[in-house]
Amino acid sequence: MESDGRIAIENVWPQLECGKFSAKAVVGDKFTVKADIFTHGTDLISANLKFRPQGSAVWESIPMQLEDNDRWSGRFEIPTTGFYEYTIEAWVDKFATQSRNIASWIMGGESIDADLKVAISMLKDIATRCGSKDSAFIRKKIAAIGRSDPADVPHLLNDPGLLSIVRQYGEKKDLTTFSPVMRVSVDRVKAGFSSWYEIFPRSQGNKPGVSGTFRDCEKKLDYISSMGFDVLYLTPIHPIGITERRGKNGARKAMPGDPGSPWAIGNSFGGHDAINPDLGTMDDFIHLINVAKKKGLEIAMDLAFQCSPDHPYVKDHPEWFYHRPDGTIRYAENPPKKYYDIYPLNFDSPEKENLWKELKRVILFWIEKGVKIFRVDNPHTKPLDFWKWILNEVKKDHDDVIFLAEAFTRPKLMYELSKIGFSMSYTYFTWRNYDFEIREYFSELSSPELKSHFRPMIFTNTPDILPPILQKAGRPAFMFRSVLAATLSPLWGIYSGFEICENQAVPGTEEYLNSEKYEIRNRNFDEPGNIRELITKLNAIRRSEKALQSIGNVQFHQSDNPNIIFYTRQSNDGKEALMVAVNLNPDQVHSATVRVPLSLVGADESKPYKVRDLLTGDLYVWNGEYNYVRLIPGERPAHILKVER
Numbered sequence: 001m002e003s004d005g006r007i008a009i010e011n012v013w014p015q016l017e018c019g020k021f022s023a024k025a026v027v028g029d030k031f032t033v034k035a036d037i038f039t040h041g042t043d044l045i046s047a048n049l050k051f052r053p054q055g056s057a058v059w060e061s062i063p064m065q066l067e068d069n070d071r072w073s074g075r076f077e078i079p080t081t082g083f084y085e086y087t088i089e090a091w092v093d094k095f096a097t098q099s100r101n102i103a104s105w106i107m108g109g110e111s112i113d114a115d116l117k118v119a120i121s122m123l124k125d126i127a128t129r130c131g132s133k134d135s136a137f138i139r140k141k142i143a144a145i146g147r148s149d150p151a152d153v154p155h156l157l158n159d160p161g162l163l164s165i166v167r168q169y170g171e172k173k174d175l176t177t178f179s180p181v182m183r184v185s186v187d188r189v190k191a192g193f194s195s196w197y198e199i200f201p202r203s204q205g206n207k208p209g210v211s212g213t214f215r216d217c218e219k220k221l222d223y224i225s226s227m228g229f230d231v232l233y234l235t236p237i238h239p240i241g242i243t244e245r246r247g248k249n250g251a252r253k254a255m256p257g258d259p260g261s262p263w264a265i266g267n268s269f270g271g272h273d274a275i276n277p278d279l280g281t282m283d284d285f286i287h288l289i290n291v292a293k294k295k296g297l298e299i300a301m302d303l304a305f306q307c308s309p310d311h312p313y314v315k316d317h318p319e320w321f322y323h324r325p326d327g328t329i330r331y332a333e334n335p336p337k338k339y340y341d342i343y344p345l346n347f348d349s350p351e352k353e354n355l356w357k358e359l360k361r362v363i364l365f366w367i368e369k370g371v372k373i374f375r376v377d378n379p380h381t382k383p384l385d386f387w388k389w390i391l392n393e394v395k396k397d398h399d400d401v402i403f404l405a406e407a408f409t410r411p412k413l414m415y416e417l418s419k420i421g422f423s424m425s426y427t428y429f430t431w432r433n434y435d436f437e438i439r440e441y442f443s444e445l446s447s448p449e450l451k452s453h454f455r456p457m458i459f460t461n462t463p464d465i466l467p468p469i470l471q472k473a474g475r476p477a478f479m480f481r482s483v484l485a486a487t488l489s490p491l492w493g494i495y496s497g498f499e500i501c502e503n504q505a506v507p508g509t510e511e512y513l514n515s516e517k518y519e520i521r522n523r524n525f526d527e528p529g530n531i532r533e534l535i536t537k538l539n540a541i542r543r544s545e546k547a548l549q550s551i552g553n554v555q556f557h558q559s560d561n562p563n564i565i566f567y568t569r570q571s572n573d574g575k576e577a578l579m580v581a582v583n584l585n586p587d588q589v590h591s592a593t594v595r596v597p598l599s600l601v602g603a604d605e606s607k608p609y610k611v612r613d614l615l616t617g618d619l620y621v622w623n624g625e626y627n628y629v630r631l632i633p634g635e636r637p638a639h640i641l642k643v644e645r
């Protein structure tokens, strides 16, 4: 029924641009919806949250609860992937209003005879519309009311069983339904909670300068899974271009034996649907997927829609590229850098329809091989309408596929990519070092608007980014940055070599010296000073603590020393919480008095309480709101604290 304007339903959350985009959730979430719902006068209102799988004709509904100041909330559990629709209906609840008035008259010593007759009349009317079982229940309650003392009437009128029947069959006066219907996109759990480890497959062998294979990757699976990671992200596995191949450290010309950048995709062996023969065969790749799965690891594949000059597309479909006035194909540029080994695709060419369909075919090809997670390279350099189309096309039949946007770009564009369908996104974490920077950025990501759709993936480092803090401060910085990354978001990852604190950079840049992008790297992961034990502990804590498994629940709290940041993480149901204190100075011991949010963490202000450091097992006795912490770089850089009850 359309609204007659009597009831207002406003400020619905989550609602992205009046329903233009979908909110996000994962399977098993209790999806919360809130709204301001009110009317004039003193009549009481009731509201339902309605929901259904997209395509279903049948709505389910649950009662919404009044919180305060006309703000209502409701939640429903989501059992499967796909899209769900939801909306809100509200009405003037005449029976609830009558029951409240009766209770008020009794409190004031007034007669309730007339009002009670009206309430009983309502119940009799409802009894004619419901089933025989409910009708008998109502008649029994009416009889009980007739025999009771006036003081007992409010209790009988508010019997939960009676109210449930009244809610279902009673008159919904001035029924108002919110429009438009909203949607939530539901992914599997890994889209909202996972731990990633990134490797170059060609570096997994043991012979210097010789490409590793997928079989060599299999030998590293136990090592990776032992640290608690559950997603293994492979850099591109396709044939690598020969023409204009780049050499060591990105040199303009390659030397004999230089393997080239795996992001320069395509040669005579094939393109985006082919395997680099140095790595093995397609059967080897599928075998790796299956073996990894048995060890608790899912393979994520790099999706880089760009080509080397040797890609089959260049010969077969030159119309898919940008051309200069002289007819040559334009190579990639990002001033002041030029990438002669890469041709960008022209997503707006006159033949774009065929190009888009081909790239969709590529994604579906790898899905058929068993890949369900894609890390998408530089999506912000391709048209938004392309991504909206292809993500929707893939999700139609494969709603369990996850897309990570590697979009280091302007915030609004980053957030728009999330809105149009990317499951998660890289963040600016690598450039947030100081207390105020971290507080400001992660408070923004935890805002109601962003947490409804934007899932932040925190990588500590990438093949392109060796943050200055890691270059300058070494192992202590690697330690505290890993704690931050693992506890500020349920999605985090490291690029191989982080655990042994690799930090040699090309001077004056964020590029790794002897970058693995251009050469094969063999590592000794047992080098002294590695932080593998810390990373393993962090992943174990993440798996065991629900407070670290939810998006957008970071709250920062007072610390009297800006070198120590103090924040909490809370589970979606509010039943579990952790406190995290991190020393952001890798060179000096620091102490601080921090202010504990007692009610949030479940501590009693009136008596001492125990907090356990989950990193070390140490137990502390704290009192009241204000407590002392002392953190030592490289030794005890952080606390992850839980109140023991």
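So in full-length UniProt numbering, the last spot in the sequence shown is 645, and the numbers never skip. Glycine residues also receive a C-beta, built at the ideal position from the N, C-alpha and C atoms. It should be emphasised that the depicted structure is a prediction, and the values quoted were computed from it without experimental measurement.
Are Asn-503 and Gln-471 closer than 8 Å when you measure CB to CB? yes
Does the count of Cβ pairs from the segment 93 to 106 and the segment 201 to 208 closer than 8 Å reach three? no
Using alpha carbons as the reference points, say which of Asp-258, Ala-251, Ser-489 lies closest to Gln-570. Ser-489
Could you check how far apart the C-beta atoms of Pro-379 and Phe-422 are, in whole angstroms? I think they sit under 8 Å. 7 Å
Comparing alpha-carbon positions, which option in Phe-478, Arg-481, Lys-419 lies nearest Lys-451? Lys-419
If you measure between the beta carbons of Ala-390 and Trp-356, is that distance less than 8 Å? Correcting the residue identity first, residue 390 is Ile in this sequence and not Ala. Yes.
Just to check my reading of the structure: Gly-257 and Ser-308 have Cβ atoms closer than 8 Å, yes? What is that Cβ distance to the nearest angstrom? So it is not a contact: roughly 18 Å between Cβ atoms.
Which residues bound the beta strand (DSSP E) around Leu-641? Where Leu-641 is concerned, the enclosing beta strand (DSSP E) stretches over 638 to 644.
Mind reading off the beta-carbon distance from Ala-23 to Val-189? Whole number of angstroms is fine, and I expect it under 8 Å. Not really, about 17 Å apart at Cβ, beyond 8 Å.
Any chance the segment 284 to 295 sits against the segment 242 to 255, with 3 or more Cβ pairs inside 8 Å? no
Could you spell out where the beta strand (DSSP E) holding Lys-396 opens and where it closes? Note, Lys-396: premise wrong, no beta strand (DSSP E); alpha helix (DSSP H) at 384 to 397.
Looking at the unbroken alpha helix (DSSP H) that takes in Ser-46, where does it start and where does it end? That residue, Ser-46, is in no alpha helix (DSSP H); its beta strand (DSSP E) goes 45 to 53.
So, with DSSP's three-state summary, where would you put Trp-59? coil
May I have a chain-ordered list of the alpha helix (DSSP H) segments no shorter than 4 residues that lie completely inside the segment 301 to 347? 312 to 316
Might you give, ordered along the chain, the residues of its own chain that have their beta carbon closer than 6 Å to the beta carbon of Glu-2, omitting 5 neighbours on each side? With a pLDDT of 38 at Glu-2, under the threshold of 50, the predicted position of this residue should be treated as unreliable, though the coordinate-derived value follows. Around Glu-2: no qualifying Cβ.
Going by Cα to Cα distance, which pick from Thr-128, Glu-85, Pro-160, Ser-73 is closest to Val-186? Glu-85
Determine the direct distance from the alpha carbon of Asp-216 to that of Glu-198, and round the result to whole angstroms. 15 Å
DSSP three-state call for Glu-444: helix, strand or coil? Note: Glu-444 maps to helix in three-state DSSP.
DSSP-derived helix/strand/coil call for Glu-406: strand
Look up Trp-492 in the DSSP assignment and give the residues it is bridged to. Ser-195, Ile-458
Could you tell me whether the segment 602 to 612 touches the segment 461 to 481, using the rule of 3 or more Cβ pairs below 8 Å? no
If you follow the beta strand (DSSP E) that Ala-603 is part of, which residue opens it and which one closes it? Ala-603: not part of any beta strand (DSSP E); DSSP gives it neither H nor E.
Taking only three categories from DSSP, how would you classify Ala-473? helix
Closest to residue 664 by CA distance: which of Pro-154, Pro-608, Tyr-628, Leu-615 is it? Because the chain is modelled from 1 through 645, residue 664 falls outside the range shown and cannot be assessed.
Would you check if the distance between the CB atom of residue 647 and the CB atom of Trp-91 is smaller than 8 Å? Lying before the first or after the last residue shown, residue 647 is absent from the chain, which here runs from 1 to 645.
Taking the straight line between their C-alpha atoms, what separation do you get for Pro-335 and Pro-239? 27 Å
Beta-carbon proximity check, Val-376 vs Leu-445, cutoff 8 Å: Val-376 is not a Cβ neighbour of Leu-445, given a cutoff of 8 Å.
Helix, strand or coil for Ile-420? Go by DSSP, reduced to three states. coil
Reduced DSSP category for Leu-234 - H, G, I as helix; E, B as strand; rest coil: strand
So is Asp-29 buried or exposed if we call it buried at 16+ other beta carbons inside 10 Å? So Asp-29 ends up on the buried side.
Give the C-beta separation of Leu-548 and Glu-511 to the nearest angstrom, bearing in mind that I take them to be a contact with Cβ-Cβ under 8 Å. Between Glu-511 and Leu-548 the Cβ distance is about 32 Å, and since that is not below 8 Å, they are no contact.
Local Cβ density within 10 Å of Asp-573, reported as buried at 16 or more and exposed below that: exposed
Does the beta-carbon distance from His-557 to Arg-595 come in below 8 Å? yes
Between Glu-110 and Ala-143, what straight-line distance do the alpha-carbon atoms span, to the nearest angstrom? 22 Å
On the three-state DSSP scale, how would you describe Tyr-512? strand
What residues in its chain sit with their C-beta under 7 Å from that of Arg-71, if we drop five residues either side in the sequence? Lys-34, Asp-36
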